[in-house]
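Okay, so here's the structure we're looking at.
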Amino acid sequence: MYAQLIKSEATVENPKKLREFQARIDAGEKIEPKDWMPEGYRKTLIRQISQHAHSEIVGQLPEGNWITRAPTLQRKVILLAKVQDEAGHGLYLYCAAETLGASRDELNQMLLDGRMKYSSIFNYPTLTWADMGTVGWLVDGAAIMNQVPLQRTSYGPYARAMIRICKEESFHQRQGFDIMMKMANGTLEQKRMAQDALNRFWYPSLMMFGPSDSDSQHSAQSMAWKIKINTNDELRQKFVDQTVPQAEYLGLTIPDENLKWNEKKKRYDFTDPDWSEFYDVINGNGPCNVERLNARKKAWENGKWVRDGLLAHVQKTTSKTVTVE
Amino acid sequence: MTLSNASDMIAEDQISSTEWPLWEIFIRGQQGISHRHVGSLHAPDAKTAIQSARDVYTRRSEGVSIWVVESQQITASSPSDKGPLYEPSKSKIYRHPTFFDIPDKVGAM
Amino acid sequence: MTNHQSAYFEFLCHFGDNALILGHRLSEWCGHAPSLEEDIALANTALDLMGEAQLWLGLASDVEGHNRTADDLAMHRDVWDFRNFLLTEQPNGDFGQTIMRQYLFDAWHVPTLTALTSSIEKSIVEIAQKTVKEARYHLSRSRDIVIGLGDGTIESRKRMQSALELLFPYVGEFFTSDSVEQQMVKEGVLSNLDNLRKSYFEEINKTFSSATLTLPNIQFSQKGGKTGKQHSEHLGHILNQMQWLSRAYPDANW
């Protein structure tokens, strides 16, 4: 998902404390910043929350790409408000990670120098206006699928951030579907754009859930800690089952010849994405990896004098007051 | 005394820390209810923290009043004191109105 | 259109276009600002301005007689039909130029919208009353940042001073009057703006003094945006981007 391929950290801790900790989680208690927690829990959470935060921030770029080109004034303000929300979501999540002892600047630095990842989906280009619809419909749809259960995650600040995010996120998927309805019911060219966008974003959206992890040790540990609620395959299946009828409603064709309803299992059978492409993208070789990271680096470096300037002003005015007294 | 502007300029490497401090944000959702902690953000000073809180946390008309407190100014109780701090009140059940049996015919009380 | 109608229409386009073009410029920052908090704040200002543009252009469309919607006015007019100040179409540059442009505009925007709250036109009063609150917030924010960065580090002061020097020549256009404006004043649509220049300079002088910035000593000003007579080359590129989709697929409903 937004935090793909998170490996949980192994920890060597006092077994009694570990047992008590696990008992609290099993009883549905929330863990708060000052509570004792295993080092592995803390580290895994920092990585997972900040990858999610990085994904929100990098995720501003593919949609930001269309703000100045939106076809109507109304579409322009809706898209801008949506991309602004993503900055907000990144902010809430960085704050949650900060309660675990990491600073936002440190986390940002790790994004910029490649030590931390963000979701593979944002390394794909947005080429037509229909991509704005598709990103909202599929990408936000997939994100919501993962985020809704995370509202129940064991770490208090993370759960509270997710609650806030989910409240705002449902507007995102709806605005995407709204664009798709207009496109799918529009002119021939609009329909073609809509189908083309679906063709390009279908498999990358399925990749968002990450490779199968039902046998993964890391995944089992994260699930025991309730910082991962469902397996990747469960969520992917749920996403496909939910999306196929929506595509049918739009009159669009999902680009998978093997896609069909399995009456026995009461779910759709579908083709798995090409995981070698996924690893390529995750490792920096997707179509837009370089551009995305460069855009973030440029924003960070060009903003330095502003952040420093405003801070210097405050420090100066504070020391002035002290001198006067 | 006030320093003159010329001697007052700060070079970038003289700033004591480069990260804006963290602020905790409390918002009153509507008149008549108390402020509630909604999250945090980074800002160079209190005034900017209020403005940013307005932009970050009230985009959907969530508030009518904002408090900001620099995070490091908050003193919190320690989880290890949970026993001595909160357990003793549990035995004082007589503080709750339901502790007392009052006959129905007495009326509302 | 009658003489009144066409002057009134242009007058409304002036306000709509200022908000539209400046809002468009600010929206270019989304995802690229110096901090997350600033990214969100800039987007809020852009959203306010874009909302304001919809209101003014919507009213302009009513006045014109609904031949064109607000969207048509935004997406299907060419450079010479736009009535925004040259300042609003200037490129974002670095963050200092963006916030300086914003401050110089906000300091004009607030007193002008305030004056419009006493227009004899009820629909103008309604728009002005709503947007002046937003503009006051923009002004208080851009003023604080101009002061903070002017009186910040050596580098931030240098950048703010050069931003001021770059943009100050566009301020004079705020105080030029034309036949459209004179007619609006005569009809009571716009109240007299005689004091605008004086109060504007009081505002900016005070700010620049706190910001330790020096107002350039120049005697000329760039103009031609408000009348549409001569925009800068930048506007064409903005329209190129903003209008392309709508013009490429004129039959489409988005």
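Chains as they are written, first to last, in this note's numbering: chain A, 50 to 374; chain B, 5 to 113; chain C, 22 to 275.
Where a beta carbon is used, it is the ideal one built from N, C-alpha and C, also for glycine.
Residues in its own chain within less than 7 Å of residue i by CB, not counting five upstream and five downstream?
i: residue 147(A); result: 153
i: residue 66(A); result: 85
i: residue 300(A); result: 233
i: residue 329(A); result: 335
i: residue 115(A); result: 128, 175, 178, 181
Ordered along the chain, which non-local residues of its own chain (more than five positions away) have a Cβ less than 6 Å from that of residue i?
i: residue 85(C); result: 30
i: residue 304(A); result: 248, 251
i: residue 42(C); result: 105, 109, 110
i: residue 90(C); result: 82
i: residue 106(A); result: 139
i: residue 145(A); result: 98, 206, 207, 210
i: residue 71(B); result: 30, 39
i: residue 282(C); result: For residue 282(C) there is no data in the structure shown, the boundaries of chain C being 22 and 275.
i: residue 33(C); result: 77, 80, 81
i: residue 264(C); result: 96
Tell me, to the nearest whole angstrom, how far the beta carbon of residue i is from that of residue j; I am working on the premise that it is less than 8 Å.
i: residue 108(C); j: residue 236(C); result: Not really, about 16 Å apart at Cβ, beyond 8 Å.
i: residue 74(B); j: residue 24(B); result: Wrong, their Cβ atoms sit about 11 Å apart, outside the cutoff.
i: residue 132(A); j: residue 112(A); result: 5 Å
i: residue 60(B); j: residue 61(C); result: 5 Å
i: residue 104(A); j: residue 171(A); result: 7 Å
i: residue 99(A); j: residue 335(A); result: In fact, because the Cβ distance is near 20 Å, the residues do not count as touching under 8 Å.
i: residue 179(A); j: residue 245(A); result: 7 Å
i: residue 51(A); j: residue 101(A); result: 4 Å
i: residue 128(C); j: residue 221(C); result: 6 Å
i: residue 171(C); j: residue 95(C); result: About 34 Å separates the two Cβ atoms, so there is no contact after all.
i: residue 331(A); j: residue 166(A); result: 6 Å
i: residue 102(C); j: residue 122(A); result: Actually they are not in contact, since the Cβ atoms of residue 102(C) and residue 122(A) sit about 16 Å apart, beyond 8 Å.
Indicate, with yes or no, if the ligand SAH has a heavy atom lying under 7 Å from the CB of residue i.
i: residue 327(A); result: Of ligands this structure carries none, so the ligand SAH is not represented either.
Just the chain C side, please: which residues come within less than 7 Å of residue i by C-beta, in chain order?
i: residue 56(B); result: 58, 62
i: residue 47(B); result: 58
Whose Cβ in chain A lies nearer than 7 Å to the Cβ of residue i?
i: residue 112(C); result: The premise fails here: residue 112(C) is roughly 13 Å from chain A at the closest Cβ pair, so nothing lies under 7 Å.
i: residue 180(C); result: 354
i: residue 115(C); result: 351
i: residue 121(C); result: Those within 7 Å of residue 121(C) in chain A number zero; the least Cβ separation is about 12 Å.
i: residue 45(C); result: 117
i: residue 220(C); result: Residues of chain A passing the Cβ test: none, with the nearest at roughly 26 Å.
i: residue 86(C); result: Residues of chain A passing the Cβ test: none, with the nearest at roughly 20 Å.
i: residue 260(C); result: By Cβ distance, chain A contributes nothing, its closest Cβ being about 11 Å from residue 260(C), past 7 Å.
Tell me which same chain residues have a C-beta within less than 8 Å of the C-beta of residue i, skipping the five on either side of it?
i: residue 103(B); result: 97
i: residue 262(A); result: 268, 280, 281, 282
i: residue 118(A); result: 178
i: residue 201(A); result: 208, 275, 278
i: residue 432(A); result: Limits of chain A in this structure are 50 at one end and 374 at the other, which puts residue 432(A) out of reach.
i: residue 105(B); result: none
i: residue 89(B); result: 81
Note down, in chain order, every chain A residue with its Cβ under 8 Å from the Cβ of residue i.
i: residue 112(B); result: Those within 8 Å of residue 112(B) in chain A number zero; the least Cβ separation is about 37 Å.
i: residue 72(C); result: 126
i: residue 101(C); result: What residue 101(C) touches in chain A: nothing, since even the nearest Cβ is about 21 Å away.
In chain B, which residues lie less than 8 Å from residue i when you measure between Cβ atoms?
i: residue 3(C); result: Because residue 3(C) is not part of the residues shown, which for chain C are 22 to 275, the question remains open.
i: residue 154(A); result: 22, 23
i: residue 65(C); result: 59, 63
Output, in chain order, the set of chain B residues within a Cβ distance shorter than 7 Å of residue i.
i: residue 162(C); result: 55
i: residue 67(A); result: Within chain B, no residue comes near residue 67(A); the closest Cβ sits about 16 Å away, beyond 7 Å.
For residue i, return the contacting residues in chain C, with the cut-off set at a CB-CB distance below 9 Å.
i: residue 308(A); result: Residues of chain C passing the Cβ test: none, with the nearest at roughly 29 Å.
Along chain C, which residues have their Cβ under 8 Å away from the Cβ of residue i?
i: residue 348(A); result: 52, 53, 54, 55
i: residue 289(A); result: In chain order: nothing, as chain C lies at least about 28 Å away.
i: residue 129(A); result: 48, 51, 64, 67, 68, 71
i: residue 178(A); result: 266, 275
Along chain A, which residues have their Cβ under 9 Å away from the Cβ of residue i?
i: residue 26(B); result: 144, 147, 152, 153
i: residue 278(C); result: Examination of residue 278(C) is not possible in this model, given that chain C is present from 22 through 275 alone.
i: residue 274(C); result: 231, 234, 235, 236, 239
Please list the partners that residue i has in chain B, where partner means a Cβ-to-Cβ separation under 9 Å.
i: residue 84(A); result: 83
Checklist entry - Given 8 Å as the limit, is there contact between the region 349 to 362 of chain A and the region 49 to 58 of chain C, that is, 3 or more CB pairs closer than that? => result yes
Next on the checklist: Does the structure place the region 101 to 120 of chain A close enough to the region 164 to 176 of chain A that three or more beta carbon pairs sit under 8 Å?
Outcome noted: yes
Checklist entry - Given 8 Å as the limit, is there contact between the region 172 to 184 of chain C and the region 116 to 134 of chain C, that is, 3 or more CB pairs closer than that? => result yes
Checklist entry - Does the region 31 to 40 of chain B touch the region 153 to 166 of chain A, meaning 3 or more C-beta pairs lie closer than 8 Å? => result Note that the region 153 to 166 of chain A does not touch the region 31 to 40 of chain B; fewer than 3 beta-carbon pairs, one per stretch, sit closer than 8 Å.
Item to check | Three-pair Cβ contact test at 8 Å for the region 288 to 296 of chain A versus the region 207 to 222 of chain A | outcome: With a cut-off of 8 Å on Cβ pairs, the region 288 to 296 of chain A is not in contact with the region 207 to 222 of chain A, counting fewer than three such pairs.
Next on the checklist: Does the region 150 to 157 of chain C come into contact with the region 63 to 74 of chain C, if we say contact requires no fewer than three beta-carbon pairs (one atom in each stretch) closer than 8 Å?
Outcome noted: Yes: the two stretches touch, three or more of their Cβ pairs being nearer than 8 Å.
Item to check | Whole alpha helix (DSSP H) elements within the region 284 to 360 of chain A, 4-residue minimum | outcome: 324 to 329, 338 to 351
Checklist entry - Does the pairing of the region 229 to 248 of chain C with the region 62 to 69 of chain C give three or more beta-carbon distances under 8 Å? => result no
Item to check | Ranges of the alpha helix (DSSP H) found wholly within the region 90 to 123 of chain C, counting only runs of at least 4 | outcome: 91 to 96, 107 to 110
Item to check | Ordered list of alpha helix (DSSP H) runs contained in the region 81 to 126 of chain A, each at least 4 residues | outcome: 88 to 107, 109 to 113
Checklist entry - Of all the alpha helix (DSSP H) runs that stay within the bounds of the region 21 to 61 of chain B, which reach a length of 4 or more residues? => result Every alpha helix (DSSP H) of 4 residues or more that sits fully in the region 21 to 61 of chain B is shown, in chain order, as 50 to 61.
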